[in-house]
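One structure is given here, and the rest of the page talks about it.
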Amino acid sequence: MRLEKSIVIQRPVETVFAFITEMQNVPRWTPACEIRQTGEGPIGIGSRFVQLVDVLGQKFEITTEITAYDPPEVFALKTISGPFPLENIFTLAPDEGGTLVTAVGEGEPGSVLKLAKPLMAAMVKNQVESQLRQLKRLLEEEES
C-alpha cells in the first residue's frame, strides 16, 4: 500500500524541516502519544526512536529508525519493530513563499489486517491528510 499527499505551509523550508525533525513535536501532529530517542547525540541517519502510538483506539509500541536526513529537503524513517512495517518519507521544497511538504507512506498491513486492506487504505489516507493539516495549523499559528 502506497500513499502520497502534499500540502503547502506558509513558512520557510528550514522552519518546517526543523519542526518535523524535532522529535518532541511529533505527538503534536501524529498519533504518537509518547516518543523517546534510544541513543544519544543529534539525530541523523540511523537514529532510533521508541514511540507509543494510538491507532484506532489501540495503543502500540513501535521502534522507528531514520533512513534519510538531508536538511532541509528530505527526512525519512521506517518501522523496525511493531505491528506492521511502514516507511515514511517527507520531502520539502520552496513553494511561492512557503514550503510544499509531500508525505509518502509505504507499508503493508500485517497478516491479521490483510482482509481489511481497503478499509485501512481509506483510514490511513484520512489520517495522513489530518496530520498534514495539523502540521500546517501548528506551524502557521506559531509564527503569527
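Under the UniProt record's numbering, the residues of the sequence shown are numbered 1 to 144, in order. All C-beta atoms, glycine included, are put in the ideal place defined by N, C-alpha and C.
Within the continuous alpha helix (DSSP H) that includes residue i, where are the two ends?
i      : result
Phe-19 : 13-21
First and last residue of the beta strand (DSSP E) that includes residue i?
i      : result
Pro-94 : 86-95
Between residue i and residue j, what straight-line distance do the alpha-carbon atoms span, to the nearest angstrom?
i           : j       : result
Gly-57      : Ala-32  : 12 Å
Ile-20      : Leu-139 : 10 Å
Thr-67      : Thr-38  : 15 Å
Phe-49      : Asp-95  : 31 Å
Gln-134     : Thr-15  : 15 Å
Glu-22      : Phe-60  : 21 Å
Leu-3       : Gly-41  : 32 Å
Glu-141     : Gln-10  : 10 Å
residue 150 : Ser-47  : Residue coverage of the chain in this structure runs from 1 to 144, which leaves residue 150 outside it and unanswerable.
Pro-72      : Ala-18  : 8 Å
Leu-86      : Val-8   : 24 Å
Identify whether residue i lies in helix, strand or coil by the three-state DSSP scheme.
i       : result
Ser-130 : helix
Are there 16 or more other CB atoms within 10 angstroms of the CB of residue i, so buried, or fewer, so exposed?
i           : result
Gln-24      : exposed
Thr-79      : buried
Asn-88      : buried
Ala-103     : buried
residue 203 : Only positions 1 to 144 of the chain appear in the structure, and residue 203 is not among them; the question remains open.
Gly-98      : buried
Ser-130     : exposed
Val-128     : buried
Under 7 Å: does the beta carbon of residue i sit that close to some heavy atom of the ligand NAD?
i      : result
Phe-60 : Annotation note on the ligand NAD: not contained in the displayed structure, which lists no ligands.
Which full runs of the alpha helix (DSSP H) of 4+ residues lie inside the region 23-89, going along the chain? 26-29
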